[in-house]
Amino acid sequence: MCGIVGAVSAGDVTPFLLNGLNTLEYRGYDSAGLALLNDGLRRARAVGRVSELESLVAQDALAGRLGIAHTRWATHGVPAERNAHPHVSGGLAVVHNGIIENYGELREQLKALGYEFTSDTDTETIAHLIQAYLESKLGSSSNSLFGAVREAVKHLKGAFALAVIREDEPDTLVLAREGSPLMLGIGNDGYFAASDASALVGETRRLMYLENGDVAQMTRQAVTIVDGSGRAVEREEVISTIAADAVQLGEFNHYMQKEIFEQPQALGNTLEMLGGVEGVQAGLLGADAEQTLDLVDSVLILACGTSSYAGMVARYWVEAIASIPCSVEIASEYRYRQSVPNERQLIVVISQSGETADTIAALEHAKSLGHRHTLAICNVPESAIVRQAALRFITRAGPEIGVASTKAFTTQLATLFLLTLLLAKARGTLDASDEQRYLGEIRHLPVAVEKVLSLEPSIRKLAQRFSQKRHALFLGRGRHYPIALEGALKLKEISYIHAEAYPAGELKHGPLALVDDDMPVVVVAPNDQLLEKLKANMEEVRARGGELYVFADGDTRVTSASGLHVLRMPEHYGELSPVLHVVALQLLAYHVALVKGTDVDKPRNLAKSVTVE
Ligand code: G6P
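Number 613 marks the last residue of the sequence shown (full-length UniProt numbering); no jumps.
Take a look at the structure:
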């Protein structure tokens, strides 16, 4: 949720640190800070955006050849300068991602040793703990930063990625990783570090991913890594393929807008693996993929947020097309409840980032219950979730920066549809003509999405009216009910309008009581077998003076009237229709947020990757 960058180099590292923070700002934007070594430790911290920090750095003309920097999303302690990273103890400075679970007891212990705390964070505990080892106050001692960090991390419980520097070792950057991503970049004149590859690729594509338990020491000339057992290890050097401009805004005003419009391309890239269902099989990576699909008797999907709604759509597909039971559960619920494991069940975890703490924990929980058949659907190939699952299906949406997920969601849907076809094929429930029809439809998806994007001017007009409202209801049926949920989530995330979604059949069981002329009701209305029932629900709303915004397929014969605004979708799209409808709802949320003037890409209180519980 926070972002880390660090560097040790022959020249001034400040521009790299600030560029890195700008790239990672979407991950946390409560406050930012950096520490540099230049005749002693210099630190600057600012509440708010990275631009505030940039002004401070320019004002104080800060520079240095060794430095660390951080962008924060508050967990322990309010957003305030005193809580912003880096945290210092004596002459050392630390930046940290993650949560230290035993920080309370460590804090008491360190206070008793005379260390003074100036923040409410768990991170400051780490700074004092490392210092305590350097000052031989905790039994064992170490006179090097590398040694002291290796001692300190043995006593930290929780998840962390750390970057540490020290006045007395002006050429040394120390990193540690347990549970939170951290990687280093090999440059021509030094070494670089970041919690996300996107912050490094502007400088170097030669990356090395640290593993859990690793502690690394980098100087300008060399890197030394030890693993959790203290053994010196080498980590493989990989060449990153992330496009350097993938994280640039280009002609767009917001990342969310860019990512909405990138969907045809993202879907095309994700579907590239497709060449018939046999070809799809090749996209499903991992040993024994085929045997697993033959063997499983049911599917359990675990995910959070938008990814869980992708799972909910897939449930309709899997049961209808592959004829096997499929359930979906929020990862944070599953991980803490007693459930009945079934060793023939396929566990599917879905995550854009592959870092979501609850989803990782749900996967680990499933494995601890004896589940062997696990599949990760993820947009980040090197993420923790991908590494921990037996099988993987990688979406190729490209980096998603806007906090509200868009292209990650539609590529997850496309991937889940392919998975459905594979399961159906394995069970013999897919005849050749259906297979060809589905494959034709999915191949045509990028073009169909392109047509939905051309509706933007009409959606912008609807958004004008909508933005005056304080609440909204979203209705859908069948596989479009999760799309109503996702539409409501998008709206509340970025426009702060309170929005709830219901299966349209539930309208009479409560939400109808809320309907009056001030309550807009958004209806997802594809031309499927539930259309007539949906029309009846719309009449119920109109009869109570409610204002309807209907996203209707071309052939539904629903037409605009007083209190009834129809947005006509370009074509009816069968099973894959949820992919088209959600794009229209993404545009609605985006334009309502624009009218309201909210911070679309960085909505208040939210984070892109929820790496803590
Ligand atoms: C956060 C993000 C959402 C995302 C959810 C799950 O809440 O703001 O956009 O859907 O996490 O994230 P994941 O990376 O696991 O898909």
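Each residue gets a CB set at the ideal place from its N, CA and C atoms; glycine is no exception. Please read all numbers here as calculations on a predicted model, not as lab measurements.
Three-way DSSP call (helix, strand, coil) for residue i in this model
i           : result
Q248        : coil
G77         : coil
T415        : helix
M183        : strand
H371        : coil
E211        : coil
N342        : coil
L200        : coil
M1          : coil
S351        : strand
D555        : helix
residue 614 : As shown, the chain starts at 1 and ends at 613. That puts residue 614 outside it, with no answer to give.
V612        : coil
L34         : strand
E178        : strand
V47         : strand
R149        : Before going on, a small fix: residue 149 reads as Val here, not Arg. Here V149 sits in helix by DSSP.
Y26         : helix
Proximal residues to residue i (C-beta, below 6 Å), its chain only, five neighbours per side dropped
i    : result
E547 : P520, G563
R396 : N269, T270
F393 : L284, I377, T415
T406 : E259, I260, Q586
A199 : V5, G20, T23, L24
S31  : V47, R72, P79, A84
S327 : L300
Residue i to residue j span [Cα, whole Å]
i           : j    : result
A84         : A46  : 7 Å
E435        : L391 : 23 Å
D120        : G77  : 5 Å
E101        : L445 : 45 Å
L106        : E116 : 13 Å
F252        : A432 : 43 Å
S298        : I385 : 21 Å
I401        : S141 : 42 Å
D358        : T559 : 44 Å
F160        : N212 : 9 Å
P578        : V201 : 35 Å
L165        : G67  : The question names Leu, yet the displayed sequence has Ile at residue 165. Roughly 7 Å between the two C-alpha positions.
V349        : E355 : 11 Å
A484        : A552 : 13 Å
Q59         : E486 : 44 Å
T292        : V582 : 31 Å
L162        : A193 : 10 Å
P381        : L567 : 37 Å
T611        : L430 : 39 Å
Q338        : G478 : 28 Å
residue 614 : A232 : Residue 614 cannot be examined here, being either before or after the span of the chain that is shown, 1 to 613.
Test: residue i CB closer than 9 Å to a CB of chain C
i    : result
L413 : In summary, chain C is missing from the structure at hand, where a single protein chain is found.
8 Å CB neighbourhood of residue i in its chain, flanking five on each side removed
i    : result
H565 : L462, R465, E547, L548, Y549, V550
H365 : Y334, R335
E234 : I225
E441 : Y573, G574, E575, L576
K469 : I497, D518, M519, P520
Y191 : A7, V8, S9, L173, L184, G185, M218, T219, R220, V223
L18  : L34, V50, L53, E54, V57, A69
A607 : M1, R27, G28, W73, V403
Cβ neighbour criterion (16 or more within 10 Å) applied to residue i
i           : result
A216        : buried
N605        : exposed
N143        : exposed
K111        : exposed
residue 614 : Here the chain covers residues 1 to 613 and nothing more, so residue 614 does not appear.
G305        : buried
A314        : buried
I130        : buried
S307        : buried
N188        : exposed
Q263        : buried
S229        : exposed
D122        : buried
T118        : exposed
Same chain, Cβ closer than 7 Å to residue i, five either side skipped, listed in chain order
i           : result
residue 620 : Outside the shown range of the chain, which is 1 to 613, sits residue 620, and nothing can be said about it.
A197        : M183, L207, S240, I242
L531        : A525, T556
*Give, in chain order, every unbroken run of the beta strand (DSSP E) that is at least 3 residues long and sits entirely within the segment 269 to 320.*
Taken in chain order, the complete beta strand (DSSP E) segments of 3 residues or longer contained in the segment 269 to 320 are 298 to 303.
*Could I get the ranges of all uninterrupted alpha helix (DSSP H) runs contained in the segment 215 to 241, with 4 residues as the minimum, in chain order?*
Complete alpha helix (DSSP H) runs here, min 4: none at all.
*Which parts of the segment 443 to 526 are runs of the beta strand (DSSP E), unbroken and 3 residues or longer, counting only runs that do not cross its ends?*
Within the segment 443 to 526, the complete beta strand (DSSP E) runs of at least 3 residues are 471 to 476, 498 to 503, 520 to 525.
_alpha helix (DSSP H) segments (min. 4 residues) lying fully within the segment 86 to 121_ = Qualifying alpha helix (DSSP H) stretches, in chain order: 103 to 112.
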